[in-house]
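For the sequence shown, counting from 1, position 50 maps to 50 in my numbering; every step adds exactly one.
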Amino acid sequence: MKEIKELVDYFLTSRNIYGVEEAIDIIVSKTTTYNYKEIIHYIENHPEYKIESDITIYLAEIANKDLPELETIIKERLKTFTSKSGIEDLNEALNILK
């Protein structure tokens, strides 16, 4: 989990778009049934977490994995999120889950 946290730190603080995309790809590849909730929690509680798309990008990317309760987590976020791009990401994730 240490490596994933370091990648999340980079993802949330870097301005290098290509590096951020690569970090997300690695985080997603290392996401499992056992760690995805911890990753979500880490992102949402990170001091650099500022915009909803920080988490919605991750949620959309892991939607193709068979993760228990992910649909519920996404629907909970849809009730409170207000950013247009974040809502689009979440709806895209729900479509993938169906």
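Virtual Cβ for every residue (Gly too), placed ideally from N, Cα, C.
Given a cut-off of 8 Å, decide if D89 and T56 are closer than it, judged by their beta-carbon atoms.
-> If you number the sequence shown from 1, residue 56 lands on position 56. If you number the sequence shown from 1, residue 89 lands on position 89. The answer is yes: Cβ separation under 8 Å.
In whole angstroms, what is the alpha-carbon distance linking L67 and T32?
-> Counting from one through the sequence shown, the residue named residue 67 turns up at place 67. Counting from one through the sequence shown, the residue named residue 32 turns up at place 32. Each residue's alpha carbon lies about 8 Å from the other.
8 Å contact criterion, which I24 and Y58 should meet: CB distance rounded = For the purposes of this step, residue 24 is identified with residue 24 of the sequence shown, where counting begins at 1. For the purposes of this step, residue 58 is identified with residue 58 of the sequence shown, where counting begins at 1. So it is a contact: roughly 7 Å between Cβ atoms.
Enumerate in chain order the residues of its own chain whose CB-to-CB distance from A63 is below 6 Å, with the five nearest sequence positions on each side excluded.
-> Indexing the sequence shown from 1 puts residue 63 at position 63. Closer than 6 Å at Cβ, skipping near neighbours: A93, I96 and L97.
With a CB to CB cut of under 6 Å and the five nearest residues on each side skipped, what residues in its chain are close to A100?
-> In the structure as shown, the chain begins at 1 and stops at 98. Residue 100 is therefore absent and cannot be evaluated.
Rounded C-alpha distance that separates E162 from T13 | Any property of residue 162 remains undetermined from this structure, which presents the chain solely from 1 to 98.
DSSP state of D25, grouped into three classes?
-> For the purposes of this step, residue 25 is taken as the residue at position 25 of the sequence shown. Of the three classes helix, strand and coil, the one that applies to D25 here is helix, per DSSP.
Close beta carbons around D54, own chain, < 7 Å, minus the five adjacent residues each side | As a first step, residue 54 must be located in the sequence shown, where it is residue number 54. Hits under 7 Å: L12 and I43.
For E69, count neighbouring C-beta atoms within 10 Å of its own C-beta (all shown protein chains included) and say buried if the count is 16 or more, exposed if not.
-> Mapped onto the sequence shown, residue 69 falls at position 69. Exposed: under 16 other Cβ atoms inside 10 Å.
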